[in-house]
Amino acid sequence: MHITVGIVGGGPAGLLLARLLRRAGVDCVVLESRDRAYAEQRQRAGILEQSTVDALRSCGAGERLDREGLVHDGIELRFDRRSHRIDFPSLTGGRRVWVYAQTEVVKDLIALQLEDGAPLFFEAEVRAVEGADTDRPTIRYLHRGREQALTCDYVVGCDGFHGVARSAFPDGVQRVYERTYPYSWLGILADVAPSCDELIYAHSPRGFALHSMRSPFVSRLYLQVPNGAEPADWPDERIWDELDARFAVDGDWRLARGPVTAKSVLPMRSHVLEPMRHGRVFLAGDAAHIVPPTGAKGLNLAAADVIVLARAFARLHESGSADLLDAYSDTCLRRVWRAEHFSYFMTTTLHADPEQSPFDSRLQLSQLDRIATSPHAAAELAENYAGLPLG
Ligand code: PHB
Numbered sequence: 073m074h075i076t077v078g079i080v081g082g083g084p085a086g087l088l089l090a091r092l093l094r095r096a097g098v099d100c101v102v103l104e105s106r107d108r109a110y111a112e113q114r115q116r117a118g119i120l121e122q123s124t125v126d127a128l129r130s131c132g133a134g135e136r137l138d139r140e141g142l143v144h145d146g147i148e149l150r151f152d153r154r155s156h157r158i159d160f161p162s163l164t165g166g167r168r169v170w171v172y173a174q175t176e177v178v179k180d181l182i183a184l185q186l187e188d189g190a191p192l193f194f195e196a197e198v199r200a201v202e203g204a205d206t207d208r209p210t211i212r213y214l215h216r217g218r219e220q221a222l223t224c225d226y227v228v229g230c231d232g233f234h235g236v237a238r239s240a241f242p243d244g245v246q247r248v249y250e251r252t253y254p255y256s257w258l259g260i261l262a263d264v265a266p267s268c269d270e271l272i273y274a275h276s277p278r279g280f281a282l283h284s285m286r287s288p289f290v291s292r293l294y295l296q297v298p299n300g301a302e303p304a305d306w307p308d309e310r311i312w313d314e315l316d317a318r319f320a321v322d323g324d325w326r327l328a329r330g331p332v333t334a335k336s337v338l339p340m341r342s343h344v345l346e347p348m349r350h351g352r353v354f355l356a357g358d359a360a361h362i363v364p365p366t367g368a369k370g371l372n373l374a375a376a377d378v379i380v381l382a383r384a385f386a387r388l389h390e391s392g393s394a395d396l397l398d399a400y401s402d403t404c405l406r407r408v409w410r411a412e413h414f415s416y417f418m419t420t421t422l423h424a425d426p427e428q429s430p431f432d433s434r435l436q437l438s439q440l441d442r443i444a445t446s447p448h449a450a451a452e453l454a455e456n457y458a459g460l461p462l463g
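Take the sequence shown: its position 93, counted from the start at 1, is 165 in the working numbering, and no numbers get skipped.
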């Protein structure tokens, strides 16, 4: 079998790319190693930037998002028992964000893809991507017990941090930039109406906490926990007590409790591979870069990569020019590094490093106070959070 673009990975990046390529008239196949139920259930991020929403709408995946997504015009920062709201539209020339879970984005994209009949194979386990330096790179995969080979004009690896596409790059052609953090997140889903209209990012001497949501009836909450923590260390009562303590604010705000329906621990890491292309193999999303979740950038960065890539393939298809494909890595990395910095900044400003000195804690509070009192400092946060325009 031969195809123009072989896409490894049927997460949001691979699926969105497939939709955008279809719109551009470029044929492709998506190979996803997991089954459909797994792909549709994995709990991930929940914040979409304007450019991500625009891309989803442009390929027909905006209908349920427009009906069920929650439009947010700001976030609340909590520190020193005070609350401060950051208003996005007034600070960014009108930009805002949508609360719509990645699982829902994936469900919508899968439904569209299967409806159109464009090939999307689940449980297609990619073993190797070969021939990045040739003009016929090949994806070798196992499907229904049979070894298969798909030759492509181009291969795009959207298969995440542990994916195989990146191994198509010969040793020595990529540089890795990395940072780990001395804490993780414990995330819960709870069947209770959110206790806020907008997300709350809380700095406290006990560590970071985040109040997010999935719907008017479902709350999503996170707590900073030590690396190596297990969900079993955290009975529900202990989680709610700790959330109460970290969100504590002067005034009469209360956190509503409800049945916890999911509980998991997420690692925090920053990671960038450069370049994002070798020969005819391209990497997009988590396969090329990871951000800690504090800035809600991971899914949006993945979407930005494939938007840039789809435009480049459209250009090649229409005019024969590979100029945008050749610029892909540099174009994406500029945005990637901005998001890396912002995510690092949000993470290190809001979390309590177990090693941090009282001096470090004072610097964090001073920085948060600066954001709360200077429209310039607030605008810097708002522009990055709401997302830089894609151009
Ligand atoms: C989420 O709702 O899962 C979420 C929201 C904001 C973040 C991270 C995660 O910064």
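Idealized CB from N, CA, C, for every residue including glycine. As the structure is a computational prediction, the values presented were derived from the model and not from experiment.
Counterpart residues of residue i in DSSP-defined beta bridges
| i | result |
| --- | --- |
| A200 | R212 |
| F151 | R154 |
| T252 | R341 |
| C100 | V77 |
| Y273 | L149, L282 |
| H144 | V169 |
| L355 | G229 |
| A334 | L261 |
| F241 | Answer by DSSP bridge pairing: none, since F241 is not bridged. |
| I119 | V171 |
| Q296 | W257 |
| L192 | V102 |
| D107 | According to DSSP, D107 bridges with nothing at all. |
| E309 | The partner list for E309 (beta bridge, DSSP) is empty, contrary to what the question assumes. |
Integer-rounded CB distance, given that residue j should sit under 8 Å from residue i
| i | j | result |
| --- | --- | --- |
| R150 | F319 | 6 Å |
| R157 | Q122 | R157 to Q122, Cβ: 20 Å. No contact. |
| G82 | E104 | 3 Å |
| A386 | A96 | 4 Å |
| A458 | T164 | 5 Å |
| P84 | V177 | 5 Å |
| A90 | C100 | 5 Å |
| L258 | V337 | 5 Å |
| V248 | L192 | Between L192 and V248 the Cβ distance is about 31 Å, and since that is not below 8 Å, they are no contact. |
| D138 | F160 | About 19 Å; that fails the 8 Å criterion. |
| L462 | A368 | No, L462 and A368 are not in contact; Cβ-Cβ is about 17 Å, not under 8 Å. |
| A196 | A240 | Not really, about 17 Å apart at Cβ, beyond 8 Å. |
| L422 | H275 | 5 Å |
Straight-line gap, residue i to residue j (C-alpha atoms, nearest Å)
| i | j | result |
| --- | --- | --- |
| L396 | R116 | 31 Å |
| V171 | G351 | 37 Å |
| R216 | T403 | 38 Å |
| I211 | A359 | 16 Å |
| P298 | A424 | 10 Å |
| L261 | W312 | 12 Å |
| R533 | P303 | This structure leaves residue 533 out entirely; the chain is present only between 73 and 463. |
| R341 | T366 | 11 Å |
| D494 | W306 | Within the shown structure, residues of the chain are numbered from 73 to 463, placing residue 494 beyond reach of any answer. |
| R356 | S429 | Per the sequence shown, the amino acid found at residue 356 is Ala instead of Arg. In a straight line, the C-alpha of A356 is about 38 Å away from that of S429. |
| Q174 | M285 | 12 Å |
| G244 | L345 | 12 Å |
| P277 | R153 | 10 Å |
| R238 | R292 | 32 Å |
| A374 | L381 | 11 Å |
| D13 | T419 | The question about residue 13 has no answer, for the chain in this structure spans 73 to 463. |
| S130 | L295 | 36 Å |
| V236 | M73 | 20 Å |
| D263 | E250 | 36 Å |
| V332 | T223 | 46 Å |
| V408 | S401 | 10 Å |
| A384 | I443 | 38 Å |
| T252 | I182 | 33 Å |
| G141 | L92 | 21 Å |
| M348 | V98 | 21 Å |
| L128 | F431 | 45 Å |
| P209 | V80 | 12 Å |
| S446 | L437 | 14 Å |
| L120 | R410 | 17 Å |
Under the three-state DSSP convention, the category residue i falls into
| i | result |
| --- | --- |
| F289 | coil |
| H74 | strand |
| L222 | strand |
| F319 | helix |
| K179 | helix |
| G370 | helix |
| Y172 | coil |
| R247 | strand |
| H234 | coil |
| R114 | coil |
| H413 | helix |
| V363 | coil |
| H389 | helix |
| H448 | helix |
| E427 | coil |
| D159 | strand |
| E302 | coil |
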